[in-house]
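Taking it in order: structure first as structure tokens, then the write-up.
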Amino acid sequence: MKFSRLRGVKDVFGDETEIWEKISSAARKMFSLYGYSNIITPVIEDVNLFARGIGEGTDIVLKEMYDFKDKGDRHIVMRPEGTASVVRAYIENSLPPKSDLYYYGPMFRYERPQKGRFREFFQIGAESFGDPSPFKDAEVIKLAEGLLKEAGIQDRALVINNLGAKKDYRYNLVKFLEERKEHLCGDCLKKMERAPVRVLDCKNEKCKEAVKNAPLITDNLTPEAAAHYAEVKRLLTECGIKFTEDPKMVRGLDYYTGTVFEFTTSILGPQQNTILAGGRYDNLVAEFGGKSTPATGFAMGLERAAEVIKSQQTGAADEMSGAFIVYDSKHREMAFSILNMLREAGIKTLMDFEDRSFKSQFREADSKRVRHVIVIGDTEAQAKRLAVKDMKDGAQINIEINEAAAYLKAGK
RNA sequence: GCGAGUGUAGCUCAGUUGGUUAGAGCACCAGGAUGUGGCCCUGGGGGUCGCGGGUUCGAAUCCCGUCACCCGCCCCA
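Quick note on numbering: the numbering used here labels position 102 of the first sequence as 99, and the sequence is numbered without any gaps.
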């Protein structure tokens, strides 16, 4: 019986895990620099956490949740994103009012798979609680940018917006759209009720034309939001962060209330080009029953970030390192003890346990890109010495066994 | 969820109007004088032609279904 993986999920290994590790170590470094601590929350949660948190009307909740009933008849969902869980945990565990947290783990969405879009995907995210200041927004964006930079992602652009509109904005926008109803596509008509701002972002040419003079959110911010937004922009410039503004950018999660931002890349195609996104959500903690607490955060998609790094990689060969033991089968015991000795001395050492020709063993040593080959044939075994060949220049020397570790460690 | 495309060896792909034992390159394995890699040469292993059904004397090739990937839309990281 042969099995294959389920739709939209993938096995990650080899070069790709290497890139993932590079990203996560970049993340650990940046988070520690900014004083964030790690939080691990369960993959499964109660459905209502996301229905309430992300928004009842969003696509994620409406049709993309991986949900099921467990044996106790509980309605469970495999988390489609990280923020709702972290907010829940923040309240439930009475974490300090000011908390800076980061997380790493798999998320699940029942979507049609495509390049850079999976049903199980990994996110690294950050959530900062308790600070309403525009400085915090700028700091979070600076952190996000630092993380991308540290991970080696050069191909990135930052887009920002603010969603702090006046109360009557939505009403006025809907009214504007109602008047142009006949020019809008079917999707937009649906969006009009649920998330009217989204209509402004439609790619359909007719819709674009129809909404050309629609009231923009940035022209209808509350005085506080406008001041906050201006301050965030000033601070970003102060930090040396380049950005563009997009008054039509809206995020797909309903909880955002102020600054929103997205880092995009050009290599993933127009629909999956967001690699990191986030924003301010000052009402969510209160909506979840906690004490009213301002908050802001972001999430990065590992698969997409890795894809960008992969596309940037030059074909440079890896450095040669470590040693490979080539031996005559009669002396396998001796070779094995040398192997253990070198490893205990902290030297990366490889060896093949099958009886293979010197030629085969050397070929393997070469493909493993080791710097040195230790040869143990009859001559060496009798003299209780080792021949050490430098695979870079082909030079070979003969040394005492107890000199080997020091010699290899010295490298070249 | 809607619309289109693709699916042949580990990888990238050939495969003529349906016709014998399905091919190439790369990768892998072995050998190329006496124990020594890369380049080169010789040989070798490896394929339920995505899967299931149908048409036919005969199907990788035609038809139907199904699964997967991928592209556009939707949405999002």
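All C-beta atoms in this analysis are idealised placements derived from N, C-alpha and C, irrespective of residue type, glycine included.
Suppose contacts are defined by Cβ-Cβ distances below 8 Å. Is residue 403 in contact with residue 275 by that definition? no
Can we say the segment 111 to 131 touches the segment 15 to 35, given the rule of at least three CB pairs closer than 8 Å? yes
Checking the sheet assignment: what are the DSSP bridge partners for residue 273? 260, 297
What separation, rounded to the nearest whole angstrom, lies between the Cα atoms of residue 355 and residue 328? 13 Å
Would you decide whether residue 186 is buried or exposed? Buried here means 16 or more other CB atoms lie within 10 Å of its CB. exposed
Can you tell me which of the three DSSP states residue 290 falls into? coil
Cβ pair residue 108, residue 42 closer than 8 Å: no
Where does the unbroken beta strand (DSSP E) through residue 92 begin, and where does it stop? No beta strand (DSSP E) holds residue 92; DSSP gives it neither H nor E.
Could you round the C-beta distance between residue 77 and residue 57 to whole angstroms and report it? I think they count as a contact, below 8 Å. 5 Å
At which residues does the beta strand (DSSP E) containing residue 156 begin and terminate? 154 to 159
Consult DSSP for residue 208 and reduce its assignment to one of helix, strand or coil. coil
What residues in its chain sit with their C-beta under 6 Å from that of residue 53, if we drop five residues either side in the sequence? none
State the DSSP-derived secondary structure class of residue 1, mapped to helix, strand or coil. coil
Have a look at 115, 260, 90 and flag the residue whose alpha-carbon is nearest the alpha-carbon of residue 154. 260
Which runs of the alpha helix (DSSP H) spanning at least 4 residues fall entirely within the segment 293 to 376, listed in chain order? 299 to 309, 329 to 341, 355 to 364
Could you check if residue 236 is buried or exposed, using at least 16 other CB atoms within 10 Å of its CB as the buried criterion? exposed
Go ahead and label residue 168 buried or exposed: buried means 16 or more other beta carbons lie within 10 angstroms of its beta carbon, across all protein chains shown. exposed
So if DSSP puts residue 126 in a beta bridge, which residue, or which two residues, is it bridged to? 96, 292
Based on DSSP bridge pairs, tell me the residues matched to residue 111. 114
Report the option in 291, 344, 387, 407 whose CA atom is closest to the CA atom of residue 84. 291
Assigned secondary structure, residue 249 (DSSP; H/G/I helix, E/B strand, else coil): coil
Candidates 87, 92, 172, 79: closest to residue 102 by CA position: 79
The alpha helix (DSSP H) that contains residue 188, what's its start and end? 183 to 191
In whole angstroms, what separates the C-alpha of residue 8 from that of residue 396? 45 Å
Quick one: is residue 225 buried, meaning 16 or more other Cβ sit within 10 Å of its Cβ, or exposed? buried
Would you kindly report the start and end of the unbroken alpha helix (DSSP H) that includes residue 58? 56 to 60
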